[in-house]
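Going by full-length UniProt numbering, the letters in the sequence shown line up with residues 1 to 471, in that order. C-beta atoms are modelled at their ideal positions from N, C-alpha and C, and glycine is treated no differently. Have a look at the structure below before the remarks.
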Amino acid sequence: MEDMSFLDDVGSMCRIDMDSILEYDISSFILKAIFDCCYDGLIITDENLLIKKVNITTVKILGVKEETLYLTYLNEILKDEILKTVVLTGENKWSQDCSFYIDGKRIRCVVNLVPVKLRGRIIGLVLAIRDTKNLHKMVNNLVGYKASFTFDDVITKNEREKTVIKLAKRAAKTNCNILIEGESGTGKEVFAQSIHNYSSRSKGPFVAVNCAAIPRELVESELFGYEKGAFTGASKGGNPGKFELADGGTIFLDEIGELPLDIQSKLLRVLDNLKIVRVGGNYEKSIDVRVIAATNRVLKDEVENKNFRGDLYYRLNVMNIHLIPLRDRKEDIELLAQHFVSQLNIKNPCDPKYIDPSYIEKLKRYNFEGNTRELRNVVERSYYLCEDTMITSKYLIGRSGKTEVQTSNDLSKEVLPLEVVEERCIRNALQYCKGNAMKASELLQIGKATIYRKITKYDIDLNLYNDKSEN
Numbered sequence: 001m002e003d004m005s006f007l008d009d010v011g012s013m014c015r016i017d018m019d020s021i022l023e024y025d026i027s028s029f030i031l032k033a034i035f036d037c038c039y040d041g042l043i044i045t046d047e048n049l050l051i052k053k054v055n056i057t058t059v060k061i062l063g064v065k066e067e068t069l070y071l072t073y074l075n076e077i078l079k080d081e082i083l084k085t086v087v088l089t090g091e092n093k094w095s096q097d098c099s100f101y102i103d104g105k106r107i108r109c110v111v112n113l114v115p116v117k118l119r120g121r122i123i124g125l126v127l128a129i130r131d132t133k134n135l136h137k138m139v140n141n142l143v144g145y146k147a148s149f150t151f152d153d154v155i156t157k158n159e160r161e162k163t164v165i166k167l168a169k170r171a172a173k174t175n176c177n178i179l180i181e182g183e184s185g186t187g188k189e190v191f192a193q194s195i196h197n198y199s200s201r202s203k204g205p206f207v208a209v210n211c212a213a214i215p216r217e218l219v220e221s222e223l224f225g226y227e228k229g230a231f232t233g234a235s236k237g238g239n240p241g242k243f244e245l246a247d248g249g250t251i252f253l254d255e256i257g258e259l260p261l262d263i264q265s266k267l268l269r270v271l272d273n274l275k276i277v278r279v280g281g282n283y284e285k286s287i288d289v290r291v292i293a294a295t296n297r298v299l300k301d302e303v304e305n306k307n308f309r310g311d312l313y314y315r316l317n318v319m320n321i322h323l324i325p326l327r328d329r330k331e332d333i334e335l336l337a338q339h340f341v342s343q344l345n346i347k348n349p350c351d352p353k354y355i356d357p358s359y360i361e362k363l364k365r366y367n368f369e370g371n372t373r374e375l376r377n378v379v380e381r382s383y384y385l386c387e388d389t390m391i392t393s394k395y396l397i398g399r400s401g402k403t404e405v406q407t408s409n410d411l412s413k414e415v416l417p418l419e420v421v422e423e424r425c426i427r428n429a430l431q432y433c434k435g436n437a438m439k440a441s442e443l444l445q446i447g448k449a450t451i452y453r454k455i456t457k458y459d460i461d462l463n464l465y466n467d468k469s470e471n
């Protein structure tokens, strides 16, 4: 009986050991699954920095077989001062911009480094790495760095404009820099986006930068990025510039003529070398970017006047695309007006409207200095002023209460003080909006506070326009 009891005890111990082994195996499989499903690459080293464990993402980012990495010391492929700092100080480091060097290739990554400590001694490192290109791609998707227009969106039946489109398509198939010149409102960004979408870079980011809208002191950091501590108020981990975000795609530099001369020289160096240096940084980063620049100035004249660098002008102006103003392609006015009304009908399906021929004839008499952008504004105003289904010339109402589209002879018939014109404009808008000041402010494209201030200034009684107005 004692022998049987002993055997039962041994059997129980074996079952316990087998259960423990099974639990350990299950835990190992779960940990491996968690390890491999991480979005970031993960690397674990021993105290000598020999790589002991990596996940699938790391293999994909670094482009090396897993077995090869297990024979590699981390400091052989990550030659960065930050690694020495972590080993010496034992401090965690987050969001570090580092580069791995493998088989002659440089792979830029954002890295988190955490030392593993036992009784105060570092026994290994854990790294989380993320490929910079994928990170930028994710940022671009979040902030909308995409081109939406194509050449199908360029509406024209003008032969000269069609020739411009052919040239733009030819330029898109190359990888050279492009300069788009044209008056304000001619559609320079539409062409820039269309070129991007027609090119081999269409799946990459399209980053648009309005050079005129960036404060002078921020231009360099906005374009080329900055390292941590580069200036007061700089982000703790630094920040990539627009050129880095456009890596693998296209950067559109609108209003290029507004760039300060010192930034022009730095831009020239970037175009020559395809490398950028962040503000506060000390090493160059290679980029793969196609540059499309645009301006409403005559850049050649700006060069002669010493306002724009000649060497930068010739570097940008490899392919020149000059957009035709609307006054030189009057046949497109009807086509564009019909298109704008169709778009408005989609937004307002319960109240569709159509254009009377008299309206088009009136439009054609006007030289649109603001080009397509101004035409859109005029048509949209007429659309919302129209109380019928047919938009006629009587709905070409401007801010003064007079016909919006006038010839130079019409304009000379009546010259009024500005305040008189302003009051008429506000009264006409209130009459049309039945006393609703909020709607009138939207129609006039001014703020709510502004219209109430003007109503008080001109002693306008809203009750005269609608006793039941909602204000």
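Setting aside the 5 residues that flank it on each side, Gln431 is surrounded in the same chain by Tyr465, each with a C-beta closer than 6 Å to its C-beta; the list follows chain order. When DSSP states are grouped into helix, strand and coil, Asp301 belongs to the helix group.
Per the coordinates, the alpha-carbon of Asn134 lies some 51 Å from the alpha-carbon of Ala429. Rounded to the nearest angstrom, the Cβ distance from Val341 to Tyr384 is 11 Å, too far for a contact under 8 Å. Taking the CA atoms as reference points, Glu374 sits about 15 Å from Ile324. Less than 8 Å divides the Cβ of Met319 from the Cβ of Ile178.
Phe231 and Gly280 have their C-alpha atoms roughly 8 Å apart. When the Cα atoms are used, Ser200 and Ser194 turn out to be separated by approximately 12 Å. Under the DSSP assignment, Ser194 falls in the alpha helix (DSSP H) whose first and last residues are Lys188 to Tyr198. In this structure the stretch 56 to 73 touches the stretch 30 to 42; the number of beta carbon pairs closer than 8 Å is three or more.
The count of Cβ pairs closer than 8 Å, one atom from the stretch 295 to 312 and one from the stretch 103 to 114, stays below three, leaving the stretches out of contact. Boundaries of the alpha helix (DSSP H) around Asn371: Asn371 to Leu385. If only complete runs of 4 or more residues are kept, the stretch 64 to 107 shows the alpha helix (DSSP H) at 66 to 69, 74 to 77 and 81 to 89, in order along the chain. Using a Cβ distance threshold of 8 Å, Glu222 and Lys242 count as a contacting pair. Judged by beta-carbon spacing, Arg290 lies beyond the 8 Å limit of Asn367, meaning their Cβ atoms are not closer than that value.
Here Ala440 carries a helix assignment [DSSP, helix/strand/coil]. The DSSP-derived three-state label of Thr250 is strand.
For Leu125, the uninterrupted beta strand (DSSP E) segment begins and ends at Arg121 to Asp131. Taking a cut-off of 8 Å for Cβ pairs, the stretch 59 to 70 and the stretch 81 to 93 do not touch, as fewer than three such pairs fall below it. The C-beta separation of Tyr198 from Lys169 comes to about 6 Å, placing the pair in contact by the 8 Å criterion.
In the structure shown, the three-state DSSP call for Ser286 is strand.
Boundaries of the alpha helix (DSSP H) harbouring Glu161: Glu159 to Ala172, taken from the DSSP string. Secondary structure at Thr45: strand, using DSSP grouped into helix, strand and coil. For Leu62, the uninterrupted alpha helix (DSSP H) segment begins and ends at Ile56 to Leu62. Rounded to the nearest whole angstrom, the CA to CA distance from Gly185 to Glu302 is 21 Å. By the criterion of at least three beta-carbon pairs nearer than 8 Å, the stretch 255 to 265 is in contact with the stretch 301 to 315. A straight-line Cα-Cα distance of about 5 Å links Val126 and Val114.
Around the Cβ of Ile34, a 10 Å sphere holds fewer than 16 other Cβ atoms; the residue is exposed.
Counted as a single uninterrupted DSSP element, the stretch harbouring Glu419 is not any beta strand (DSSP E) but the alpha helix (DSSP H) occupying residues Leu418 to Tyr432. Shown here, Ile324 sits in coil according to DSSP, grouped into three states, outside any helix or strand. When beta bridges are read from the DSSP output, Leu179 appears opposite Ala293 and Asn320.
The distance from the Cβ of Asn239 to that of Gly249 is about 19 Å, inconsistent with a contact at the 8 Å cut-off. Contact between Leu274 and Ser265 fails: their C-beta atoms lie close to 16 Å from each other, not under 8 Å.
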